[in-house]
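J.: Before I ask anything, here is the structure I am working with.
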Amino acid sequence: EDQVTQSPEALRLQEGESSSLNCSYTVSGLRGLFWYRQDPGKGPEFLFTLYSAGEEKEKERLKATLTKKESFLHITAPKPEDSATYLCAVRGGGSQGNLIFGKGTKLSVKP
Amino acid sequence: DGGITQSPKYLFRKEGQNVTLSCEQNLNHDAMYWYRQDPGQGLRLIYYSQIVNDFQKGDIAEGYSVSREKKESFPLTVTSAQKNPTAFYLCASSTPPRVSVEPQHFGDGTRLSIL
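So the sequence lines, in the order shown, correspond to chains B and G.
Using this note's numbering, the first residue of the first sequence is number 7, and each one after it goes up by one.
Using this note's numbering, the first residue of the second sequence is number 310, and each one after it goes up by one.
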């Protein structure tokens, strides 16, 4: 069964304190892994797509990496505005191509 | 700007009542999706449609119904058969998965509560 596990559930950082969020996955034939940011009361906002092991993508203070079993979202020198819930989703090789979502990591960055 | 519009933002349902959530997109996407989000849980797929006039059940379709008469619109009806409808409902759209591996784009959700 396809599965996505995110850890930790919640993470509290001081402004400027770098850290990483983890997304472990089990899927038949990974077609893509997606990272989203979700603010309270809003819909998820797309951040990155990773397609194959070894791939990396960056956007401002965020960097996403992918291995054959997991993905990391590295946050460098975070600011309070980076506070949000970060969601990971995978798409396997099934014919319908639906996404499987993790439960998310709630990040709080204190000034 | 292209995007997905969900309405209303807040909705209240009485016992035994059916309610309909609206989702409209102007991204020219063929595929549209409805998810339910509960605290501490991942997004769960209710229904999806890859083309007009066709839709399939997702993982938790019981108590819900949809229609797809236009490319731009994918309304979700929460029926009285759904005994625990209180949740945050999200609509998304994308290019069809059979065509490409593109991300889904989301609206800002409808929060449904029981009166």
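We put the CB at the ideal spot given by N, CA and C, even for glycine.
Quick caveat: nothing in here was measured; it's all calculated off a predicted structure.
Using a Cβ-Cβ cut-off of 8 Å, state whether Gly108 (chain B) counts as contacting chain G.
T.: yes
J.: Name, going along the chain, the residues of the stretch 351 to 382 of chain G whose beta-carbon falls closer than 9 Å to a beta-carbon of chain B.
T.: Gly351, Leu352, Arg353, Leu354, Tyr357, Gln359, Gln365, Gly367, Asp368
J.: Below 8 Å on C-beta distance, what does Asp417 (chain G) contact in chain B?
T.: Gly47, Lys48, Gly49
J.: Tell me the DSSP secondary structure of Glu411 (chain G) in three-state form.
T.: Coil, per DSSP.
J.: By the DSSP assignment, the beta strand (DSSP E) with His80 (chain B) in it spans what residues?
T.: 76 to 81
J.: Between which residues of its own chain and Gln9 (chain B) is the CB-CB distance below 8 Å, once the five residues before and five after are set aside?
T.: Tyr31, Thr32, Val33, Ile106
J.: How would you list, in chain order, the residues of chain B whose beta-carbon sits under 9 Å from the beta-carbon of Gln334 (chain G)?
T.: Within chain B, no residue comes near Gln334 (chain G); the closest Cβ sits about 12 Å away, beyond 9 Å.
J.: Buried or exposed: where does Ser26 (chain B) fall if 16 or more other Cβ atoms within 10 Å of its Cβ makes it buried?
T.: So Ser26 (chain B) counts as exposed.
J.: Within 8 Å, do at least three Cβ pairs link the stretch 326 to 340 of chain G to the stretch 375 to 385 of chain G?
T.: The stretch 375 to 385 of chain G and the stretch 326 to 340 of chain G touch, with no fewer than 3 CB-CB distances between them shorter than 8 Å.
J.: Can you give me, in chain order, the residues of the stretch 384 to 416 of chain G that have a beta carbon less than 7 Å from any beta carbon in chain B?
T.: Along the stretch 384 to 416 of chain G, going in chain order, the ones with a CB nearer than 7 Å to a CB of chain B are Leu399, Pro406, Arg407, Val410, Pro412, Gln413, His414, Phe415, Gly416.
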